[in-house]
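Colleague: My structure is below; once you've seen it, I'll send some questions.
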Ligand SMILES: *Cc1c(COP(=O)(O)O)cnc(C)c1O
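Residue numbers (this note's numbering): -7 to 335.
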């Protein structure tokens, strides 16, 4: 696994009048030449306040991205870097949303793209990948079989992976910059984030750490990770204290976007949770469904994976009497997963 280190300075005062996109944090994004930026003016999503058990929770509307999930944060940066490196074709594997995002930005950059997905991926997600002009490779078996197929293809083609490629995380970190700016350059106390491969958890940590280092904010929020009971390797490992990620057998779940039995960066995720004094919680399929329904009733059409985080907010706020500034997000739009909503 590779991580990226580079230094930069960023002055919040100079950002104010910039365009309302995630590229307003330009100095923090490791692309050398502006001419290589592949962008749909994405990001800087609204931060809405919703009430859960007498707690006001701020929710970033990341289901409003061009391909309807926060994965566009990583894709715009990673594909810009691929363009900068002169790459002409890429491969990626995904349960759906990362594939849609990479396929869309690759198309925009004129870069050839092959996306590997598990055979049972929802039709709405595969349609998006194909309509962006990417070649779709449906792989029988588990999510891990799909990852193995992509890794083989990556021996000869650039791997635009949201789990392995460090540039992706320097896109997802903009989630942290946006929150800090939208809260008046303050940190929240708590972040409640769903995690499968942890691109949002690791990205948030990188973003908040950088802002602390730059003296823009004072501390990194506590990170609470939410998994589905059906596939909870991080939960198991965190609570039994083992140093290697416990292997788990995946049970069926409507939260397909976090059904990751072997997260590549699992140890890194748990180090972050421990360091920020957070924890890992699980939610049941019933709780996910209830959260999905309660959000739909408020007018928020999110996908079931996204509802897992909302069920996590329900759980956390029900047992907390602390006055904390809590931030979470809608990770993905429900129009891509209408079949799941009816199951
Ligand atoms: C990818 C995804 C997640 C989980 O993100 P990780 O980076 O895998 O932890 C959650 N919700 C949605 C909608 C996603 O697409």
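From the three backbone atoms N, C-alpha and C, an ideal C-beta is built for every residue, glycine too. Since the model is a prediction, treat every value here as computed from it, not as a measurement.
1) Report all residues from its chain with a CB closer than 6 Å to the CB of residue 209; omit the five preceding and five following residues, and keep chain order.
2) Could you tell me which of 291, 324, 224 sits nearest to residue 277, measuring between CA atoms?
3) Is the segment 212 to 220 close to the segment 301 to 313, with three or more CB pairs under 8 Å?
4) Start and end of the beta strand (DSSP E) containing residue 342?
5) For residue 219, which of helix, strand or coil comes out of DSSP?
6) Quick one, which of 122, 104, 135 has its alpha-carbon nearest residue 112's?
7) Check whether the segment 49 to 68 touches the segment 22 to 39, counting contact only when three or more Cβ pairs, one atom from each stretch, lie closer than 8 Å.
8) So the beta strand (DSSP E) residue 47 belongs to, where does it begin and stop?
9) Does the segment 270 to 287 touch the segment 249 to 258, meaning 3 or more C-beta pairs lie closer than 8 Å?
10) What I want to know is whether the C-beta of residue 89 ends up closer than 6 Å to one or more non-hydrogen atoms of ligand 1.
11) Closer than 6 Å to a non-hydrogen atom of ligand 1 - does that hold for the CB of residue 347?
12) Is the beta carbon of residue 180 within less than 6 Å of some heavy atom of ligand 1?
13) What does the alpha-carbon distance come out to for the pair residue 308 and residue 71?
14) Just the C-alpha distance for residue 248 and residue 206, rounded to the nearest angstrom, thanks.
15) Does the beta-carbon of residue 186, which I'm using as the reference point, lie nearer than 6 Å to any heavy atom of ligand 1?
16) So, under 8 Å CB-CB, residue 332 and residue 296 are touching, yes? Tell me the CB distance rounded to an integer number of Å.
17) Could you have a look at residue 85 and say whether DSSP puts it in helix, strand or coil?
18) Kindly provide the ranges of any alpha helix (DSSP H) runs that are 4 or more residues long and lie completely inside the segment 252 to 309, ordered along the chain.
19) May I ask whether a heavy atom of ligand 1 can be found less than 6 Å away from the beta carbon of residue 37?
20) When DSSP builds the beta bridges, which residues end up paired with residue 319?
21) Pop quiz: residue 163 and residue 69 are said to be a contact at Cβ under 8 Å. What is the actual Cβ separation, rounded to whole angstroms?
22) How far does the alpha helix (DSSP H) with residue 42 in it extend, from its first residue to its last?
23) Is the closest heavy atom of ligand 1 to the C-beta of residue 289 under 6 Å?
24) I'd like to confirm the pairing. Which residues does DSSP put opposite residue 192 in its beta bridges?
25) Spatial neighbours of residue 237 within its chain, please: CB distance less than 6 Å, with the 5 preceding and 5 following residues excluded, ordered by chain position.
26) For residue 25 and residue 129, I'd like the C-alpha separation in whole angstroms.
27) Anyone know if the C-beta pair for residue 90 and residue 154 falls short of 7 Å?
28) Would you say the beta carbon of residue 297 comes nearer than 6 Å to a heavy atom of ligand 1?
29) Nearer than 6 Å: is that true of the beta carbon of residue 61 relative to any heavy atom of ligand 1?
30) Taking residue 124 and residue 83 to be in contact with their CB atoms under 8 Å, please state how far apart those CB atoms are, rounded to whole angstroms.
31) Kindly indicate which three-state DSSP category residue 129 falls into: helix, strand or coil?
32) Measure the alpha-carbon distance for residue 314 versus residue 176 and round it to whole angstroms.
33) Name the one or two DSSP bridge partners that residue 325 has.
34) Within its chain, find whatever has a CB closer than 7 Å to the CB of residue 10; leave out the 5 residues flanking it on each side and keep chain order.
Modeller: Once the coordinates are examined:
1) 172, 179, 203
2) 224
3) yes
4) Residue coverage of the chain in this structure runs from -7 to 335, which leaves residue 342 outside it and unanswerable.
5) strand
6) 135
7) yes
8) 47 to 52
9) no
10) yes
11) Here the chain covers residues -7 to 335 and nothing more, so residue 347 does not appear.
12) no
13) 36 Å
14) 37 Å
15) yes
16) 5 Å
17) strand
18) 258 to 267, 277 to 289
19) no
20) 50, 183
21) 3 Å
22) First-last for residue 42: 39 to 44, but that is the beta strand (DSSP E), not the alpha helix (DSSP H).
23) no
24) Residue 192 pairs with nothing; no bridge assigned.
25) 225, 229, 258
26) 33 Å
27) yes
28) yes
29) yes
30) Rounded, the Cβ-Cβ distance is 14 Å, inconsistent with contact.
31) strand
32) 22 Å
33) 294
34) 16
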